[in-house]
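Asks:
Residue numbers (our numbering): -16 to 353.
#1: Does the region 313 to 322 come close enough to the region 151 to 162 that 3 or more CB-CB pairs lie under 8 Å?
#2: Tell me which residues share the same chain as residue 264 and place their Cβ nearer than 6 Å to its Cβ, disregarding the 5 neighbours each side in the sequence.
#3: If I'm right that residue 15 touches residue 2 with Cβ under 8 Å, what's the distance once you round it to whole angstroms?
#4: Buried or exposed: where does residue 42 fall if 16 or more other Cβ atoms within 10 Å of its Cβ makes it buried?
#5: How big is the Cα-Cα spacing for residue 144 and residue 171?
#6: Near residue 119, what residues of its chain come up, given a Cβ to Cβ distance below 8 Å and the 5 sequence neighbours on each side ignored?
#7: Going by beta-carbon coordinates alone, are residue 58 and residue 6 separated by less than 7 Å?
#8: Buried or exposed: residue 240, going by 16 or more other Cβ atoms within 10 Å of its Cβ?
#9: Taking only three categories from DSSP, how would you classify residue 327?
#10: Which stretch, first to last residue, makes up the beta strand (DSSP E) that contains residue 221?
#11: I want to know whether the region 278 to 286 touches the region 334 to 352 - three or more CB-CB distances under 8 Å.
#12: Taking 8 Å as the limit between beta carbons, can you name the residues of its chain near residue 211, skipping five residues before and five after?
#13: Could you tell me which uninterrupted alpha helix (DSSP H) segments, each at least 4 residues in length, are contained entirely in the region 238 to 312, listed from first to last along the chain?
#14: Between the Cα of residue 255 and the Cα atoms of 203, 345, 49 and 137, which residue gives the shortest distance?
#15: Can you tell me whether DSSP reads residue 168 as helix, strand or coil?
#16: Quick check: the Cα distance between residue 300 and residue 259, rounded to an integer number of angstroms?
#17: Would you list the one or two residues that DSSP bridges to residue 148?
#18: Nearest by alpha-carbon distance to residue 198: which of 72, 277 and 78 is it?
#19: Just the C-alpha distance for residue 150 and residue 47, rounded to the nearest angstrom, thanks.
#20: At the level of alpha carbons, what is the spacing between residue 33 and residue 179?
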């Protein structure tokens, strides 16, 4: 571990990691903020509260640096926030219908903490999910990479889930402006696990207007149709001929307001796209670009799908970092994951986790310019 700051005397080819206090939670737990910096100057700030990415500072085509991640300045704001800015969500990211699922003929009831279309659901692990917990942190700096491993023990019965679960998330900042996220989990009893990262990106810079002119491409010929409660029906629907077709690069806002029953449900994009390659190989899952700054972000993942959320419900005037404010569609999320409500759909890839069969998933954000 290194506590050196980016301005330290380490050779310029070295990555660094520093730590500082980030406040105290309402329950009296101490949180920290870790700053990972690579030799090129890319900086990522991560808190062990919620395994949250607080900042992601990358250059544009003119070598101007800016933070491309929505978030808050203080821990208190993260505790009060409801948008999951930058957090790891779990045990199960996304929605579980009615907060119920059956595993090995046993029905489990989870707290419902969200409602859409008059239907309640369990969202992002519940009211006290992984995003509301303080994780144990282990920072490490090597010559070309800086990494932070965060560990959380979720006891049997927490938020209704079975099994004592040990979850780990490792953030690794590489030399080529790439941020790798490795998710791991082990359990002592059968359970379910579907962690994901809930960062909101604006490649023009956080607080610099909406993301509607930014261009997205998804290698996904199908998306999961949802009901009025935003729960998948189980049907995989072709994107062809719909505003949900991102097989070729398209501006996020070009078709977002078109009349389409699926867009009406979420007031924009808030769906899971099914990759054409659903294997566990590391493959390109999304590519986004801001035409003004020239920033590009590629998302590589071992997951079978990605939830695109276009920030439709960010309240206008939301106070963000550095005195900036955010509004509706001020950021987009690319939540790589298994499919929403998977425990209730046997036709979906399984998210079951069993003793002796550890879980591991990798997602990598790669930044460049054009």
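Just so you know, even glycine gets a beta-carbon here, dropped at the ideal spot from N, CA and C.
Replies: In short, the structure shows the following:
#1: no
#2: For the purposes of this step, residue 264 is taken as the residue at position 281 of the chain shown. Exclusion of the five residues before and after residue 264 leaves no residue of its chain whose Cβ lies closer than 6 Å to its Cβ.
#3: Reading the chain shown from its first residue, position 32 is the one you call residue 15. Reading the chain shown from its first residue, position 19 is the one you call residue 2. That pair is a contact at about 5 Å.
#4: The residue given as residue 42 occupies position 59 in the chain shown. Label assigned to residue 42: buried.
#5: Taking the chain shown and counting its residues from 1, one reaches residue 144 at position 161. Taking the chain shown and counting its residues from 1, one reaches residue 171 at position 188. For the pair residue 144 and residue 171, the Cα-to-Cα distance works out to about 12 Å.
#6: For the purposes of this step, residue 119 is taken as residue 136 along the chain shown, with counting starting at 1. Closer than 8 Å at the Cβ level, and outside the excluded window around residue 119, lie 31, 133, 134 and 135.
#7: On the chain shown, residue 58 is found 75 positions in, with the first residue counted as 1. On the chain shown, residue 6 is found 23 positions in, with the first residue counted as 1. It is a contact, given that the beta carbons lie within the stated cut-off.
#8: Position 257 of the chain shown holds residue 240. Answer is exposed; the Cβ neighbour count stays below 16.
#9: If you number the chain shown from 1, residue 327 lands on position 344. It is helical.
#10: Numbered from 1 along the chain shown, position 238 holds the residue referred to as residue 221. Counting along the chain, the beta strand (DSSP E) containing residue 221 begins and ends at 215 to 221.
#11: yes
#12: The residue you call residue 211 lines up with position 228 of the chain shown. If we look at residue 211 and ignore the five residues flanking it on each side, its Cβ neighbours are 99, 100, 101, 102 and 248.
#13: 244 to 249
#14: Here residue 255 refers to the residue found at position 272 of the chain shown. When each option's Cα is compared against that of residue 255, the closest is 203.
#15: Residue 168 sits at position 185 when you count from the first residue of the chain shown. Residue state, collapsed to three classes: strand.
#16: In the chain shown, the residue the question calls residue 300 occupies position 317. In the chain shown, the residue the question calls residue 259 occupies position 276. Straight-line Cα distance between these residues: approximately 38 Å.
#17: Within the chain shown, residue 148 is the residue found at index 165, counting from 1. The partner list for residue 148 (beta bridge, DSSP) reads 137 and 170.
#18: Taking the chain shown and counting its residues from 1, the one referred to as residue 198 is at position 215. Checking every option, the nearest Cα to that of residue 198 belongs to 277.
#19: Here residue 150 is taken as the residue at index 167 of the chain shown, counted from 1. Here residue 47 is taken as the residue at index 64 of the chain shown, counted from 1. Near 37 Å, if we compare the C-alpha coordinates of residue 47 and residue 150.
#20: Residue 33 sits at position 50 when you count from the first residue of the chain shown. Residue 179 sits at position 196 when you count from the first residue of the chain shown. Their backbone Cα atoms lie some 12 Å apart in a straight line.
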